[in-house]
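Student: Handing you a structure now.
Residue numbers (the numbering used here), protein chains in the order written: chain X, 141 to 352; chain S, 141 to 352.
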């Protein structure tokens, strides 16, 4: 939450603050002081700004969902951007119980989450179909092939997609987030609450971290 | 809940009791006495058994979902069996806010609920698409056309469908519930907690009621 992020910043002034409320960067009116360094737009997190930094992040759904997972292990953070790396990691480890958490937007299910979960389900289906599969996974697996050839078009039918596309500064996020396979590492939530690169498919610099 | 149903029965001995726990009829081990008159299988509710009767019903998901809706009005109970009647009623009334509640099975989303909701969404889409439509409705609307030509086959991919199909006494429920348009009335939750026929498309006997 915002107060927790500010408390960490006070103890460790070198951290950067990131996050949104109502989809927009947390500003002074919510902190009682400075604006957060970043919002929730992935395009803000440029290498020259984040390399070697610890980022403390709080969002309405995403980081709360992660926090709900702190007693699970391992916890990965997946997206279309690192789909193949995440799938390959899961295929190698094949956890006995696999739960895909879709954090949603504004406390509702979000089409883009279901599509990304569906992309994972589709690729992992051969390994899990003989077990007990939730109907929600079946639904996600069925809907992804239907829309995958035009994810950008699908986002125009998503409430969050519509909101972002209608916002001049944020519309680029939609284009950014429907890219597939642009990064080849897996992100994992650590016991100490930080998110770190877990494994790379090819050598890549590491050391960046996000605290949620 | 079971205790509430038993309390009503004590005050009004003429009512019949119906419901399930873990998908099976509530038996003496849960009531501390008699078995319930019916389980949750729709095929048990034969005209000669229920005509003119008040039935007190408690199920794990369905009646709890209905109870959660008691402050809404109107509340309809829809299914594949009365799909057209329900759609026609909604097209005529066109409520400003339409919420489709899928009660699920075992506290999880159920494919059959999503498909029935999708059938409603598909038919009502022209009336609501210009408003704010939840992504979950978009997902349901997309998945129904994909599976509607073989609902029975789809049920083999649903956890509850698999469970029922594997149970000799209950497998017929799956065949029963994927029928479309077998009854032409709308069922509505009344302020007093009873469920009654709201409107008929053609003359039909009425007067049956279920209390949830």
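Note that beta-carbon positions come from the ideal geometry of N, C-alpha and C, so glycine has one too.
No experiment lies behind these values; they were computed from the predicted model shown.
For the 8 Å Cβ check, are there 3 or more pairs between the segment 212-220 of chain S and the segment 317-336 of chain S?
Tutor: The answer is yes - the segment 317-336 of chain S touches the segment 212-220 of chain S, with three or more Cβ pairs under 8 Å.
Student: Identify, in the order they occur along the chain, each residue of the same chain with its Cβ nearer than 6 Å to the Cβ of residue 303 of chain S, setting aside the five sequence neighbours on each side.
Tutor: Closer than 6 Å at the Cβ level, and outside the excluded window around residue 303 of chain S, lies no residue.
Student: Just by C-beta distance, which residues in the segment 299-315 of chain S are closer than 7 Å to chain X?
Tutor: Within the segment 299-315 of chain S, the residues whose Cβ lies closer than 7 Å to some Cβ of chain X are 299, listed in chain order.
Student: According to DSSP, is residue 347 of chain X part of a helix, a strand, or is it coil?
Tutor: Per-residue confidence for residue 347 of chain X stands at a pLDDT of 46, beneath the threshold of 50, marking its modelled position as unreliable; no derived number is given.
Student: Using a C-beta cutoff of 8 Å, does residue 223 of chain S count as contacting chain X?
Tutor: False, the Cβ-Cβ gap to chain X never drops below 8 Å.
Student: Just to confirm the assignment, what range does the beta strand (DSSP E) spanning residue 294 of chain X have?
Tutor: Segment 291-295 is the alpha helix (DSSP H) holding residue 294 of chain X; no beta strand (DSSP E) there.
Student: When every heavy atom of the ligand NAD is checked, does at least one fall within less than 7 Å of the C-beta of residue 248 of chain X?
Tutor: Absence of the ligand NAD is noted for the structure shown, with no ligands found whatsoever.
Student: Return the residues of the segment 260-277 of chain S that lie within a Cβ-Cβ distance of less than 8 Å from chain X, sorted by chain order.
Tutor: Taking 8 Å as the Cβ-Cβ cut-off against chain X, the residues of the segment 260-277 of chain S that qualify are 272, 273, 274, 275 and 276.
Student: In three-state terms, what does DSSP make of residue 184 of chain X?
Tutor: Helix, per DSSP.
Student: Considering only C-alpha positions, which residue in the set S/283, S/250 and S/237 is nearest to residue 267 of chain S?
Tutor: Of the listed residues, the one whose Cα sits closest to residue 267 of chain S is S/237.
Student: Listing by chain order, which chain S residues have their CB less than 7 Å from the CB of residue 282 of chain X?
Tutor: In chain order: 283 and 286.
Student: Give the single residue among S/338, S/148, S/314 and S/265 whose Cα lies nearest to the Cα of residue 195 of chain S.
Tutor: Measuring from the Cα of residue 195 of chain S, the nearest candidate turns out to be S/148.
Student: If contacts are defined as beta-carbon pairs under 8 Å, then residue 323 of chain S and residue 221 of chain S qualify, I think. What distance do you get, rounded to the angstrom?
Tutor: Right, their Cβ atoms sit about 5 Å apart.
Student: So with CB distances below 8 Å, who are the chain X contacts of residue 241 of chain S?
Tutor: By Cβ distance, chain X contributes nothing, its closest Cβ being about 14 Å from residue 241 of chain S, past 8 Å.
Student: Give the list of continuous beta strand (DSSP E) stretches no shorter than 3 residues that lie fully inside the segment 209-253 of chain X.
Tutor: The qualifying runs are 215-217.
Student: In whole angstroms, what separates the C-alpha of residue 263 of chain S from that of residue 183 of chain S?
Tutor: Whole-angstrom Cα-Cα distance: 27 Å.
Student: Report the three-state DSSP secondary structure of residue 164 of chain X (helix, strand or coil).
Tutor: Reduced to three states, the DSSP call for residue 164 of chain X is strand.
Student: Using 8 Å as the limit for Cβ to Cβ distance, is residue 251 of chain S near chain X?
Tutor: It does: the Cβ of residue 251 of chain S has a partner Cβ on chain X nearer than 8 Å.
Student: In the DSSP assignment, find the unbroken beta strand (DSSP E) run with residue 329 of chain S in it and report its ends.
Tutor: Residues 325-329.
Student: Okay, do the segment 246-262 of chain X and the segment 277-293 of chain X touch, 3+ Cβ pairs below 8 Å being the bar?
Tutor: In short, these stretches touch, since the Cβ pair count reaches three.
Student: Hey, would you say residue 197 of chain X sits closer than 8 Å to residue 252 of chain X, going by beta carbons?
Tutor: No, these two residues do not count as a Cβ contact at 8 Å.
Student: Tell me residue 336 of chain X's beta-bridge partners as DSSP assigns them.
Tutor: For residue 336 of chain X, which the question treats as bridged, DSSP gives the partners X/328.
Student: Note down the Cα distance separating residue 108 of chain X from residue 316 of chain X, rounded to an integer number of angstroms.
Tutor: Chain X is shown only over 141 to 352; residue 108 of chain X falls outside these bounds and no answer can be derived.
Student: Quick check: residue 249 of chain S and residue 298 of chain S, are their CB atoms within less than 8 Å of each other?
Tutor: In this structure, residue 298 of chain S does not lie closer than 8 Å to residue 249 of chain S by Cβ.
Student: Taking the beta strand (DSSP E) that residue 318 of chain S falls in, what are its first and last residues?
Tutor: Unbroken run through residue 318 of chain S: none, as it is neither H nor E.
Student: Determine, for residue 199 of chain S, whether the minimum Cβ-Cβ distance to residues of chain X falls below 8 Å.
Tutor: It does not; no Cβ of chain X falls within 8 Å.
Student: Who pairs with residue 178 of chain S in a beta bridge, going by DSSP?
Tutor: Beta-bridge pairing links residue 178 of chain S to S/158.
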